[in-house]
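So the structure is just underneath, and the comments pick up after that.
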Amino acid sequence: MKDKQAQADEAEIRGEGAGSAPPPDAGREAPPAGEPAPAAPRTAPAIRAGGWMVPAYAGALLAIFLGERVVPTIEWLRYALSGLGFLTLALVTALRFATAVREAGERRAVERALAILSALGVVAVAAYFTTTDAGQAMLGASRAAPELRARIHAATTVAWIALLVMATVPLFFGEAALAPMRRAERIEGRRVRAATLSGVTLAFAAVYSALFVFAASQLDLKADFSYYRTARPGESTKRVAESLTAPLKITAFFPQQNEVGAEVEGYLREVKSASPQITVEMQDRLLVPALAKEAKVTQDGVIVLSRDSSRETLTVGSDIKSAGAKLKSLDADFQKVLLKVIRPQRTAYLTVGHGELNESASSPEGRTTKNLRKLLESQNYIVKDLGLAQGLGSEIPKDASVVIVLGPQKAFLPEEVAALKRHADEGGHLLLALDPDAKVDLDPLAGAVGLTWKPEVLANDRVYVRRRYNDSDQAMLVTTRYSSHASVSTLSRHAQQAPTIFPGASSLDKRDGGDQKIDFVVRSLGETFADANGNFKFDADSEKRSAYNLAAAVSKELAPGGDDKEKKELRAFVVADADVFSDAAFRNEPNIVLALDALRWLGGEESYAGEITTSEDVRIEHTKEKDQVWFWATILVAPAMVLGLGLFITRRGRRASGRRA
Amino acid sequence: MRGTLLVARRELSAYLRSPLGYVVAAAALLIDGIYFQVAALGSGARLSAEVLLKFFDGTAFITMVAALILSMRLIAGERESGTLILLKTAPVRDGEIIAGKFLAALALVSLMTAITIYMPLLIFVNGKVSVGHILVGYSGVLLLGAASLAIGLFASTLAASQVIAVILGAAIIGTLGFLFLVARVTEPPLNDFVSALNLYPLNQKPFLNGVLRLENVLYYVAVAYFFLLAATHTLKARRWR
Chain A
1 MKDKQAQADE AEIRGEGAGS APPPDAGREA PPAGEPAPAA PRTAPAIRAG GWMVPAYAGA
61 LLAIFLGERV VPTIEWLRYA LSGLGFLTLA LVTALRFATA VREAGERRAV ERALAILSAL
121 GVVAVAAYFT TTDAGQAMLG ASRAAPELRA RIHAATTVAW IALLVMATVP LFFGEAALAP
181 MRRAERIEGR RVRAATLSGV TLAFAAVYSA LFVFAASQLD LKADFSYYRT ARPGESTKRV
241 AESLTAPLKI TAFFPQQNEV GAEVEGYLRE VKSASPQITV EMQDRLLVPA LAKEAKVTQD
301 GVIVLSRDSS RETLTVGSDI KSAGAKLKSL DADFQKVLLK VIRPQRTAYL TVGHGELNES
361 ASSPEGRTTK NLRKLLESQN YIVKDLGLAQ GLGSEIPKDA SVVIVLGPQK AFLPEEVAAL
421 KRHADEGGHL LLALDPDAKV DLDPLAGAVG LTWKPEVLAN DRVYVRRRYN DSDQAMLVTT
481 RYSSHASVST LSRHAQQAPT IFPGASSLDK RDGGDQKIDF VVRSLGETFA DANGNFKFDA
541 DSEKRSAYNL AAAVSKELAP GGDDKEKKEL RAFVVADADV FSDAAFRNEP NIVLALDALR
601 WLGGEESYAG EITTSEDVRI EHTKEKDQVW FWATILVAPA MVLGLGLFIT RRGRRASGRR
661 A
Chain B
1 MRGTLLVARR ELSAYLRSPL GYVVAAAALL IDGIYFQVAA LGSGARLSAE VLLKFFDGTA
61 FITMVAALIL SMRLIAGERE SGTLILLKTA PVRDGEIIAG KFLAALALVS LMTAITIYMP
121 LLIFVNGKVS VGHILVGYSG VLLLGAASLA IGLFASTLAA SQVIAVILGA AIIGTLGFLF
181 LVARVTEPPL NDFVSALNLY PLNQKPFLNG VLRLENVLYY VAVAYFFLLA ATHTLKARRW
241 R
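Chains A and B, in that order, give the protein sequences.
For what it's worth, the UniProt record's numbering labels the leading residue of the first sequence as 1, then goes sequentially.
For what it's worth, the UniProt record's numbering labels the leading residue of the second sequence as 1, then goes sequentially.
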């Protein structure tokens, strides 16, 4: 039994199948000892299998690549190269099969495996041709629905690439192992098998890795940890959206698969979720030319908001590099156009002629109000100047939605105060920012809305902002004490995280006999004192620690709103420190929120109160002294420490090994 | 696994006892420091995010080069000094040798990268960045370092000398790195395929911007895995060559 098995094994090695006729050159591999060589020598085929087949195979693939990718527009060349390539592949594969049939034993097994791999390559190339226009037409895929067609195309593309990799890599590996043995009498099949198996493993690893990465890219799972990123809809924008009572259509024109478009789409999706009145469409301008023409859009990266007959556009851009900055302020910009489209524009008058903050274009201390002006514009206000020439001394213009007085350095004329008072009494809205730095009497202004103004500068020797690192900093008040009034609703919700800064503030109080409703909306911290002698020190005998009123919201209903009647109400927001609205103070975000909420309340839009999302980045300013410290620390100290540590450890190691020796 | 840890421990102690690891780490820190001062911080007032992005950009490139230098000796060095035969005859599998050497080099690269942390922390002094952004940036740099190490290790198994190994490794990394330029001049869908293969900067950019994408993480893991597998099979190839 054992002998029979051994004989069978031997026969298998020689390539003789049980019961089958020996192949024509069966004796070539291992002629039995003692037997004479075959009488008639085997006739050599016209083309012999050999090492040349791998370069031919690679060359054929290259020809197909050149034909299909490099010269696809020159038809004759394309067909010539691709045809030649495919023919060569087919011939090489046929020759491999022919060789496999002709050979015996180990050689046959190896050649057969290589032939199968080669055939797999041909199948891969054939699969590639099904992705071409002609192939799609032949299969009928070109008549399928676009989505199905895209799926078929994607599937066949993945299939032919995967097949080609799985065919060629093991083939080349196997051939590399076989090459030195081609002319040998016998070959070591195990070597070739090991090499081919290595190739198969690597090919599968490559294909599976690529598929995993592709699948992950389709899932698009991501977490954004950047500080400086695309803004998301803020609380305020969502509230504006919620307040919509009529449909609003938002159309964003971006090319397909555009990075900026994807960011904008994410933002708009969140806005849409705030109101059922909103519809959002992402459109490629070139695919819908009629729609783009109707919306007057001539470039990519434009968001169009339309409601009834009104239409507003916001240009973001479609190039991520140039649009990056706009994406960061998207929420503020979007809210601006949203307000424009849902309500008519209003006018804010800023008084001039008294050295107001808005009159200075530049100041080293930041006592300018460029940002407040921007804020007004973002809330859909037209900003105009109001001086004697515009009627400040006689009558405030009728179109004034709000009149703003920002830290006048000269006293107002009695006529001007009277005009402002009349305006307020008739249901006008005022924003008065009084400033003790002016050393002028601003009490009449406060009196116009039922308040008294105390010009003593407040100070706090315990909690204050450092600016000059001397006693004067104690006048840089910080407070987190807000009432629940609508004019400070956002700040009161986040009081502890939103400290406002009042640089050099005075205080307010209620005037006797007034009939206005007065709410002191911002108060100083309890340890604050009115620094009457201006020494920034608390003098217990003459000064008193208390919580002072820093801002007040004054209102008085004059005529209740009815069905068709317009509601008339005096509204005034008074702060005892104009610097709170200066550009310097606006570096502190809660100060911006204070101004924004006050403006919304004055405009009767307190329901929109909330934050606008911005992720404004901070510039790193560095002094020369700091630079030197940082420079030497980063350049020399750290590398020297690592090198020193290395020297210490290696020398200690050598000494220890020396001692052991 | 035990073999892997044995090899890793031996390699790591070799790194720590020889001046090479320290010299490479110090040189990388020095170049990183100069780059941080000159290119990232610059002379004017720059935005915090811009400084952080430039810092990570430089660190990623330096880590890639450092990983290549560290990996060149892993197998080629053994071959040059004639100790590879000892390693091959040791009772550890080829895969364990490769994994062990890779882990040791990766530990060193991680250590090198970690000690640059004082630079992004300096941004906190006067700027605004998020800790999450810094961590994501470092994850990207480490993944890139791991992929570069794997490529370098593969090159080291192919080459007879360390010099050839580093040239070969640089050639592979360079090719994978320059694919983003190729992607710019090719048409769809080939450009998508080519850009998906790009080692740096396309796959690295989201990390540098503080965005952690599963796709990019998997890409670096796949590259590292593939080249480690290729290195193992190259080492195995002695049986069929």
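Even glycine gets a Cβ: it sits at the ideal position worked out from N, Cα and C.
- Scanning the segment 515 to 591 of chain A from its first residue to its last, the whole beta strand (DSSP E) runs of 3-plus residues come out as 517 to 523, 549 to 559 and 568 to 575.
- Listed along the chain, the chain A residues whose CB falls inside 8 Å of the CB of E11 (chain B) amount to none; the nearest CB is some 15 Å away.
- For R186 (chain A), there are no C-beta contacts with chain B under 9 Å, since the nearest C-beta of that chain is about 15 Å from it.
- For S507 (chain A), the enclosing beta strand (DSSP E) has its first and last residue at S507 to K510.
- The three-state reading of DSSP puts H429 (chain A) in strand, counting E and B together.
- Excluding five sequence positions before and after M72 (chain B), the CB atoms of its chain that fall closer than 7 Å to its own CB belong to G152, S156, Q162, A165, V166 and G169, given in chain order.
- When Cβ pairs closer than 8 Å are counted between the two stretches, the segment 550 to 561 of chain A is seen to touch the segment 512 to 527 of chain A, the count reaching three or more.
- L376 (chain A) carries a helical assignment under DSSP once its states are collapsed to helix, strand and coil.
- Distance from the Cα of A418 (chain A) is smallest, within the candidate group A:W76, A:V405 and A:E395, for A:E395.
- CA-CA distance, R545 (chain A) to A400 (chain A), rounds to 40 Å.
- Judged by pairs of C-beta atoms under 8 Å, the segment 528 to 539 of chain A touches the segment 443 to 459 of chain A, as three or more such pairs exist.
- Put simply, the CB of I34 (chain B) is near chain A, with a gap under 7 Å to one of its CB atoms.
- Sequence-distant Cβ neighbours of T88 (chain A) in its own chain, meaning closer than 8 Å and more than five residues away, are A56, Y57, G59, A60 and A63.
- Against chain B, the beta carbon of D224 (chain A) has neighbours under 7 Å at G210 and V211, listed in chain order.
- Of all residues in the segment 161 to 186 of chain A, only I161, F173, A176, A177 and P180 place a beta-carbon less than 9 Å from a beta-carbon of chain B.
- W601 (chain A) carries a helical assignment under DSSP once its states are collapsed to helix, strand and coil.
- Taking 7 Å as the cut-off, the beta carbon of I134 (chain B) is found closer than this to the beta carbon of P120 (chain B).
- When 7 Å is used as the limit between beta carbons, S217 (chain A) is near these residues of chain B: E215, in chain order.
- In the DSSP assignment, E147 (chain A) falls within the alpha helix (DSSP H) that extends over P146 to L178.
- Per DSSP, R311 (chain A) lies in no alpha helix (DSSP H) segment; the continuous beta strand (DSSP E) that holds it begins and ends at S310 to T315.
- Fewer than three beta-carbon pairs drawn from the segment 285 to 295 of chain A and the segment 260 to 272 of chain A are found closer than 8 Å, and the two stretches are therefore not classed as touching.
- Counting only unbroken stretches of 3 or more residues, the beta strand (DSSP E) elements lying wholly within the segment 392 to 420 of chain A are 400 to 406, in sequence order.
- Scanning A:W630, A:R654 and A:V637 for the CA closest to the CA of I123 (chain B) turns up A:W630.
- Around S148 (chain B), no beta-carbon contact reaches into chain A at under 9 Å, the shortest distance being about 17 Å.
- Annotation for Q136 (chain A): the continuous alpha helix (DSSP H) segment containing it runs D133 to L139.
- Counting C-beta pairs with one atom in each stretch, the segment 85 to 105 of chain B and the segment 176 to 186 of chain B have fewer than three that are closer than 8 Å, which means they do not touch.
- When DSSP reads this structure, T351 (chain A) sits in a beta bridge with A:L386.
- Proximity of G132 (chain B) to chain A, defined by a Cβ-Cβ separation below 7 Å, is satisfied.
- Within the segment 250 to 276 of chain A, no residue has its Cβ closer than 9 Å to any Cβ of chain B.
- If you look at Q283 (chain A), you'll find it in the beta strand (DSSP E) that goes I278 to Q283.
- Per the DSSP secondary-structure output, I250 (chain A) pairs in a beta bridge with A:V280 and A:L305.
- Listed along chain B, the residues sitting closer than 8 Å to W630 (chain A) by beta-carbon distance are Q37, L41 and L122.
- Beta bridge pairing from DSSP links D224 (chain A) with B:V211.
- Straight across, the Cα-Cα distance linking P499 (chain A) with F536 (chain A) is about 21 Å.
- Contact annotation: the segment 596 to 603 of chain A touches the segment 485 to 498 of chain A, with at least three C-beta pairs closer than 8 Å.
- Relative to the Cα of V316 (chain A), the nearest Cα in the group A:V165, A:T634 and A:F253 belongs to A:F253.
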